[in-house]
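In our numbering, the protein residues as written are 3 to 273. Structure first, then comments.
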């Protein structure tokens, strides 16, 4: 499937997640129970905004560590800001870096060598275009663990990603790959290749809930939830979805487990 199919698969993802929500509500059980049971709570890593300055990064990392996260993901491209995060976090906190396909393969190889001493858990989507699987494999061979998969639209492409030896961690997105149904299949395919799944869930709505329920059932000891961690004026689910010491409870209500707070929607609908 070409990249032109992106809007189509995104729309299908929304429909699929909605149908699973409806199925759970009809059955009167939460989605993870509908899928076969699962964990009651899950570890999260803090996925930060892009700050671009070492002092701002240090402050955000310190907040994340103090909140109980065992891992922090940066959206930074400069060594000075990434190094500041490692200095602030210390050696026992996982640091991940997502550069959103910013570099050519040659640039990524040079950056990977520079970043080696910082002992990143992973470097995410280092090369452009995102489907450059051989380029990802080249950077991986340089010694920095690689994560990718947010922009992979089909199981066929995931299979090619694995076949190329391109990733240490794979990141299917429930809101992009086809919803819960395809996310489940991606987990299954990844298990065949012995690659841990870290779903992309930089969301606050149904995409996040879909990831929570699926990881609760299909996740391994390595799996973590990506938690978008920065201050918002209001949360779409109000106080229903709460983080506790870097972990989040899997919703127990029927379907996705909770519905958006109507007061938040009405307040910000025309803001």
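Note that the Cβ used here is the ideal one computed from N, Cα and C, for glycine as well.
### Query
Taking the alpha carbon of residue 140 as the point to measure from, which residue in 125, 154, 152 and 8 has its own alpha carbon closest?
In the chain shown, the residue the question calls residue 140 occupies position 138. Of the candidates 125, 154, 152 and 8, the one whose C-alpha sits nearest the C-alpha of residue 140 is 125.
### Query
How long is the line joining the alpha carbons of residue 64 and residue 207, rounded to whole angstroms?
To locate residue 64, count along the chain shown from 1; it is residue 62. To locate residue 207, count along the chain shown from 1; it is residue 205. Roughly 26 Å separates the two Cα atoms.
### Message
By the three-class DSSP mapping on this structure, what secondary structure does residue 3 have?
### Response
Locating residue 3 in the chain shown gives position 1, where the first residue counts as 1. With a pLDDT of 38 at residue 3, under the threshold of 50, the modelled position of this residue cannot be trusted; read the value that follows with caution. Residue 3 falls in the coil class under three-state DSSP.
### Alpha-carbon to alpha-carbon, residue 157 and residue 167
Locating residue 167 in the chain shown gives position 165, where the first residue counts as 1. Locating residue 157 in the chain shown gives position 155, where the first residue counts as 1. Going from the Cα of residue 167 to the Cα of residue 157 covers about 16 Å.
### Query
According to the neighbour-count rule (16 or more other Cβ atoms, all chains shown, within 10 Å of its Cβ), is residue 135 buried or exposed?
Position 133 of the chain shown, counting from 1, holds the residue named residue 135. Buried is the call here.
### Alpha-carbon spacing of residue 58 relative to residue 195, whole angstroms
The count along the chain shown starts at 1 and reaches residue 58 at position 56. The count along the chain shown starts at 1 and reaches residue 195 at position 193. The alpha-carbon atoms of residue 58 and residue 195 are separated by roughly 39 Å.
### Message
Give me, in chain order, the residues of the same chain whose beta-carbon lies closer than 8 Å to that of residue 38; leave out the 5 immediate sequence neighbours on both sides.
### Response
The residue labelled residue 38 in the question sits at position 36 within the chain shown. Closer than 8 Å at Cβ, skipping near neighbours: 219.
### Query
Taking Cβ to Cβ, would you say residue 127 is nearer than 7 Å to residue 102?
As a position in the chain shown, residue 127 is number 125, starting the count at 1. As a position in the chain shown, residue 102 is number 100, starting the count at 1. Residue 102 sits close to residue 127, with the two beta carbons spaced by under 7 Å.
### Task
Determine the DSSP secondary structure at residue 130, reduced to helix, strand or coil.
By one-based count along the chain shown, residue 130 stands at place 128. In this structure, residue 130 counts as coil in the three-state DSSP scheme.
### Query
Between residue 184 and the ligand HEM, is the CB less than 6 Å from at least one heavy atom?
This structure lacks the ligand HEM, and indeed carries no ligand of any kind.
### Message
Counting beta carbon pairs with one atom in the region 167-186 and one in the region 211-227, are three or more of them shorter than 8 Å?
### Response
yes
### Task
Decide if residue 90 is buried, meaning its Cβ has at least 16 other Cβ atoms within 10 Å, or exposed.
Mapped onto the chain shown, residue 90 falls at position 88. Buried, because 16 or more other Cβ atoms sit within 10 Å of the Cβ of residue 90.
### Task
List the whole-angstrom C-beta distance separating residue 204 from residue 228, where the pair is believed to meet the contact cut-off of C-beta under 8 Å.
Along the chain shown, read from residue 1 onward, the residue named residue 204 stands at position 202. Along the chain shown, read from residue 1 onward, the residue named residue 228 stands at position 226. Sure, about 6 Å apart at Cβ, within 8 Å.
### Message
Measuring alpha carbon to alpha carbon, tell me which residue in 263, 150, 97 and 72 is nearest residue 248.
### Response
Counting from one through the chain shown, the residue named residue 248 turns up at place 246. The residue with the shortest Cα to Cα distance from residue 248 is 72.
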